[in-house]
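Note sheet for the following structure.
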Amino acid sequence: MSSATQTTGFLSFNRRPPTIHILGTDPTIAPQLLAAYRAESFSVHYHGLPSPTPSEKDSKAFKALLKTLPDPLALGEYFAIVAFGAAATLALQVAQKPWNKLAALVAYYPSLLPSPGFKYPSGLPLVLHLAGAQQAGTGGSTRAFWYRGTEPGFAEEDLEEWDEVAAGLAWSRTLAVVRKGFGISSEFEMEDLVEQHNKREFLLLALPC
């Protein structure tokens, strides 16, 4: 069995909201992003790197921090990670081995992409959101989405690279995989329905006026 949940849902005595850790490349992140996850009834915590290009020392310290994330969780509790840039790269590196209580991992435009065909622990819902210029062979246990015409940063509203349409599409996909990882819905078809709805919305918004 992997570190991920097996879509068992919450135990009857577990009444705390599910935990999402947001990982970024700066000490702070746009408050709108944290508020959006809290509005979905998640308990949200942010952890930021000192800079978008962390030193080896900072990277090592950050990975050590990530390994402690399960420690405060009680029996039956799990956590998910949504990470950006270099922080996403470090999270993907830690997740190469079974990560206790990790329910889902979503990586936005990691600075270093996984090797083609690399297989992460079985059962872990893992999704990559890649900017249009990022090229990588995928496969194995990794599911990747490319957003044509975007640059790294497209999902962060406080950055110049922010793209409203791509960010909205990625947001819906992220919610689907996180909810699946936590076992919030037993209807696996929901992800496909969300996907179809947002593809239609994406095409409509992309049409010239």
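Per numbering that gives the first Met the number 0, the sequence shown runs over residues 0 to 208. All C-beta atoms, glycine included, are put in the ideal place defined by N, C-alpha and C.
**Report entry** Trp170: first and last residue of the uninterrupted alpha helix (DSSP H) it sits in
**Finding:** Glu163 to Phe181
Report task. Check Thr141 in the structure and name its three-state DSSP category. Result -> coil
Requested in this report: Look up Thr18 in the DSSP assignment and give the residues it is bridged to.
Outcome: According to DSSP, which records beta bridges pairwise, Thr18 is partnered with Ser42 and Phe78.
Query - Buried or exposed by the 16-neighbour rule on C-beta atoms within 10 Å, applied to Lys245 - result: What the structure shows of the chain is the stretch from 0 to 208, and residue 245 is not part of that stretch, so it cannot be assessed.
Query raised in the report: Is the Cβ-Cβ distance between Leu125 and Leu104 less than 8 Å?
Result: yes
Query raised in the report: For Gly23, is the classification buried or exposed, using 16 other Cβ atoms within 10 angstroms of its Cβ as the cut-off for buried?
Result: buried
Query raised in the report: Going by Cα to Cα distance, which pick from Ala166, Glu159 and Phe117 is closest to His128?
Result: Ala166
Requested in this report: Taking Ala130 as part of the alpha helix (DSSP H), name the residues at either end of that continuous run.
Outcome: Per DSSP, Ala130 belongs to no alpha helix (DSSP H); it is in the beta strand (DSSP E), Leu125 to Ala130.
Query - Whole-number beta carbon distance between Glu160 and Gly152, since they are thought to touch under 8 Å - result: At roughly 3 Å, the Cβ-Cβ gap stays under 8 Å, so Gly152 and Glu160 are in contact.
Report task. Compare the C-alpha of Leu101 against each of Ala130, Gly116, Phe117 and Leu65 and name the closest. Result -> For Leu101, the closest C-alpha among the options Ala130, Gly116, Phe117 and Leu65 is that of Leu65.
**Report entry** Distance CB(Pro120)-CB(Pro97) smaller than 8 Å
**Finding:** Contact flag set, yes.
Query - Length of the line joining the Cα atoms of Arg147 and Gln133 - result: 10 Å
Requested in this report: Spatial neighbours of Ala35 within its chain, please: CB distance less than 8 Å, with the 5 preceding and 5 following residues excluded, ordered by chain position.
Outcome: Hits under 8 Å: Trp170.
Query - Inter-stretch contact at 8 Å, needing at least 3 Cβ pairs: the stretch 49–63 / the stretch 74–82 - result: no
Report task. Just tell me which of Thr18, Val177, Asp157 and Arg172 has its CA closest to the CA of Ala73. Result -> Thr18
Query raised in the report: Looking at Gln92 and Lys59, is the spacing between their C-beta atoms short of 8 Å?
Result: no
Report task. Would you grab the beta carbon distance between Ala154 and Tyr107 for me? Rounded to a whole angstrom, and I think it's under 8 Å. Result -> 5 Å
Query raised in the report: Does the distance from the C-beta atom of Pro115 to that of Thr88 stay below 8 Å?
Result: no
Query - Assumed close pair Ile21, Val81 - CB separation to whole angstroms, cut-off 8 Å - result: 5 Å
Query raised in the report: Taking the C-alpha atoms as reference points, what is the distance between Leu174 and Thr141?
Result: 17 Å
Query raised in the report: What is the rounded straight-line gap between the Cα of Arg15 and the Cα of Phe83?
Result: 26 Å
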